[in-house]
Amino acid sequence: MAEGLQPLYKVDLVVEGNSHLYDVAWNGGQDRYPGVTGMLSVINKPALVPWAKREALSLVEAALMTRLDGRRSARIVLNKAWISSVLIEAKKRPDKLKTEAADLGSQAHAFIDRIIRGEEPGKVPPEIEAPVRAFRDWWKSTKIELLLGDTKVASREHKFGGSLDALGRRNGKLVILDWKTSNGIYAEYALQVAAYAQAFKETYGIACDEAVIVRFGKKLPVDFERKEIADLNRSFEAFLAAKALKESLEQPQFIEW
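Counting the sequence shown from 1 gives a position; this note's numbering is that position plus 40.
Written out as structure tokens, the structure is:
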């Protein structure tokens, strides 16, 4: 599937806590770079705040409603300890849901990667049945030939690394592909895949002119959504701006501690 594609240097993923770092080794040297997604964490995500509020309040509402339903719960009197326990769980709920969503996304990505590589993926776990079926439906419908699955790449010029989900070819041109299991396709994803395109160009010595983001729904019925990146060059410029901002904010020169 990917004959002739050989990296110019070695890139390995290193996981340290919640951080994804990339060890890069070439003839005569080596270095460790931060990951693309970590660089983009500096971008504000305004939709997360109201979402977190809704999820926390929905847990409180559900807990209160249990006091109104059923003979047993109707006899239970509200007290300070019970209210405190509900509020503690409500505060934890958004982070718990984000962790669960990330775990589901990782499982789906790994399963899809085995399919791309031609391996026997085994039985689909029920929790990722929807995104895996959505991937298969997209694959049947696309004209993109898949060449590589999960691939580690790095930019030595700009000092960052990343893991692109897949590399494809369409009409003779290489295409960077990125899988999402989020609830939507957001603007910062363009910055992410543009960074992968630059890192792939440096790692393999071949330019990618196109990039596609495909979102697979997490629930049945099966659905998928795809978006083309309009301008990789402008998107990469925006990524570099985000990277510079994050690196600047991590320096101590702004405030005397």
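From the three backbone atoms N, C-alpha and C, an ideal C-beta is built for every residue, glycine too.
{"Check": "Supposed close pair ILE253, VAL233 - CB separation, criterion 8 Å", "Outcome": "6 Å"}
{"Check": "9 Å Cβ cutoff met for PHE256 and LYS220", "Outcome": "yes"}
{"Check": "Entirely enclosed alpha helix (DSSP H) segments - the region 113–184, minimum 4 residues", "Outcome": "120–156, 169–181"}
{"Check": "Burial state of GLU242 (16 or more Cβ within 10 Å)", "Outcome": "buried"}
{"Check": "Through-space distance from HIS60 to THR77, alpha-carbon basis", "Outcome": "8 Å"}
{"Check": "Exposed unless 16 or more other CB atoms sit within 10 angstroms - verdict on ASP135", "Outcome": "exposed"}
{"Check": "Anticipated Cβ contact below 8 Å, PHE200 with ALA239, distance rounded", "Outcome": "7 Å"}
{"Check": "Test item: CB-CB of GLY310 and GLY75 under 9 Å", "Outcome": "With the chain covering only 41 through 297, there is no way to say anything about residue 310."}
{"Check": "Given GLN46 as reference, the closest of ALA92, LYS132, SER288, VAL193 once Cα atoms are compared", "Outcome": "VAL193"}
{"Check": "Cβ shell of ILE216 (< 7 Å), same chain only, five flanking positions each side left out", "Outcome": "LEU204, LEU207, VAL233, TYR236, ALA237, PHE240, CYS248, ALA251"}
{"Check": "Collapsed DSSP secondary structure at ARG107 in the structure displayed", "Outcome": "coil"}
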